[in-house]
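Below is one structure, written out as structure tokens; the observations come after it.
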Amino acid sequence: MKTGIKFKPCNVGTAEAHNRRIRAYCEAVARKFGQTYFWEAYRHLNVSWRSPTYPKPLPDVLEDLKVLVKQKTGRAMQCKDVEYTDRKTGKKRKRSGSSAIREGCPPIKSDTKIKDFDRFVKWLADKGITVISIDLHHDEGHADPLTDDFLPNHHAHIIVDWMDHATGKSIKLNANDCKEMQTVLAESLGMERGTPKEDSGIEGLNAIEYKEKMARENNRRLTAENDRLESHNEQLGLQVLEAEKSIEDLEQRRKEKKKALDEENGSALMSGVANLFGKGRFAEIERENERLTDENSRMKTDVARMEAQVAKIPMLVERQVRRTIADNNEAHAEEIRTLNATHSREQQALQSKFSDLSRRYREMESGNRMVIDNLKREKETMLARMEAMLSMLGGNLEKAIRALIQFARSICSTFTRTHKEAIVPWLITGNDPKKQADFVKLFSRPFLDDAQFKKGYREMDALTSSFPSVIEELEQPQHRGMRR
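All residue numbers for the sequence shown refer to full-length UniProt numbering, where the first residue is 1 and numbers rise by one.
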């Protein structure tokens, strides 16, 4: 028996209810599909194990992992898939959301134990993946359409924590890790490893695709059984024809022997006397005649019985095949209708939510635009007041401030002599040039953006750091024109 595993995002809302066979969940499944694939007579064979490290329900575990990701990475966990357009090919692609909790469902044997997974659990732990729970299910399956015998689907549900708690990121497994994982699982359970997709060319199937495949195989099996019964029916018909021919042959032989008997004895009286005493050739032939008559009667009875059986076979086969196919088709159609209805409701809910979010975004955008306009007006008013205050300062301070503003907005990387000549007179009016420079930086800040202010701030610090050499430079006469 082969086994294999593929971990997919876990539905934390229903996984525990399914694995623990919560009564309300089982009843909901029965109402949804019109039947249930859980067999209560075998439920006592199910076994469950839960890691003591994860005592909380799965939805709470997921919320804790979201908090962990936010703390470690500074970003919220992106749980939903995101569609985007490939810039190179122009094709629509999908980036899968984060799957912090995942679930795998490998086939197992009827006698598999929880401890059989120890080696597999250790291998996952070495890769940084922690097993939250293991559930062994032996009560799922379906009934054979022809015999109604229970056909069990022995399998396990393995739920794992797929997050690296040190970094807040998902665990990454490469292709070789995934292949090794299949081998370790098969060896742990004492089962045969499944055939790799590269060799078989068969993609993994989800639950709906698997049910459709099984329904097609079941229909093919019923059709083959119908063909076999029809062939058997034809064989029985040939046997009936052969039996009828044998009866005709026996009847012909009886008539021929009776005629020969009459000719041999010569007269009816001689025949009666010979028959009375039970002697002679006639008595022997009469006994043979009785035997053939009995055999003829018995064969006629057998033929009638066989004809009755043959007449019933097509009706029974057709009734059974039609009923089985109709049941399978109706169940499949109902399941498809239910899924379509569910998808339609989910799509409507998402569309409604999207419309609501769009409306709220437009309201927020309109409100933000008003706030931005108000801030711009306030900034312009403040700058006008600062400009008026700057004009009121007069003298060296105003010249120094305007020189710094002009430099910060220009393409110059350092102060020119003109800038220095405007700024230095203010710096020398106090005892500490750096404090005087702080006044200049303070009053120029409202007129500059962040990059401009950073540029002017840095150059002012450079000027005050080498202030004596700047004074000496300005005291030297400025040479103009060409030197001779």
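Where a beta carbon is used, it is the ideal one built from N, C-alpha and C, also for glycine. This structure is a prediction, so every number in the text was calculated from the model and none was measured.
Within the region 32 to 87, complete beta strand (DSSP E) segments of at least 3 residues are found at 47 to 50 and 82 to 85, given in chain order.
With respect to the 8 Å criterion, T195 and I108 are not classified as neighbours on the basis of their beta carbons. The three-state reading of DSSP puts R119 in helix, counting H, G and I together. Here the alpha carbons of T85 and I129 stand approximately 32 Å from one another.
For the region 393 to 465, the full-length alpha helix (DSSP H) segments reaching 4 residues or more read 395 to 409, 417 to 427, 433 to 444 and 450 to 465 along the chain. Inter-segment contact for the region 126 to 140 and the region 30 to 50 is present: three or more beta-carbon pairs are separated by less than 8 Å. Contact annotation: the region 111 to 122 does not touch the region 18 to 30, with fewer than three C-beta pairs closer than 8 Å.
Residue state for F7 is assigned as coil, using DSSP reduced to three classes.
Taking C-beta separations shorter than 8 Å and ignoring five residues to either side along the sequence, the partners of Y457 in its chain run K441, following chain order. Here DSSP, grouped into helix, strand and coil, assigns S170 to strand. The straight-line gap separating the alpha-carbon atoms of E459 and T414 is approximately 7 Å.
Taking the Cα of E16 as reference, the smallest distance to any Cα among K172, P59 and E198 is reached at P59. K259 and E234 have their C-alpha atoms some 38 Å from each other.
For A143, DSSP records a beta bridge to F150.
Nearest Cα to R102 within the set S231, M163, W39 and G430: M163.
Bridge partners of K94 according to DSSP: E83. In this chain, V12 is not harboured by any alpha helix (DSSP H), its DSSP state being neither H nor E. Counting only the Cα atoms, D149 lies some 19 Å from N226.
In the structure shown, the three-state DSSP call for K259 is helix. Cβ contact annotation for H165 (same chain, cutoff 7 Å, sequence separation greater than five): L68, in chain order.
Cβ-Cβ separation between G141 and W39: approximately 6 Å, consistent with a contact (criterion under 8 Å).
In this structure, the straight-line span from the alpha carbon of S469 to that of T418 is close to 16 Å. Under the DSSP definition of a beta bridge, E244 lacks any partner. Assignment of I134 by DSSP, reduced to helix, strand and coil, places it in the strand class.
CA-to-CA, the gap between F33 and E212 works out to about 15 Å. Three or more beta-carbon pairs separated by less than 8 Å link the region 286 to 305 to the region 249 to 256, which places the two stretches in contact. Taking a C-beta distance under 8 Å as the contact criterion, Q182 and I5 qualify as a contact pair. Going by beta carbons, F7 and V160 fall inside the 8 Å limit. Taking 8 Å as the cut-off, the beta carbon of V303 is found no closer than this to the beta carbon of E217.
Under the three-state reduction of DSSP output, G237 falls in the helix class. The residue from R409, K434 and S444 with its alpha-carbon nearest to that of E398 is S444.
Around the beta-carbon of V371, fewer than 16 other beta-carbon atoms lie within 10 Å, marking it exposed.
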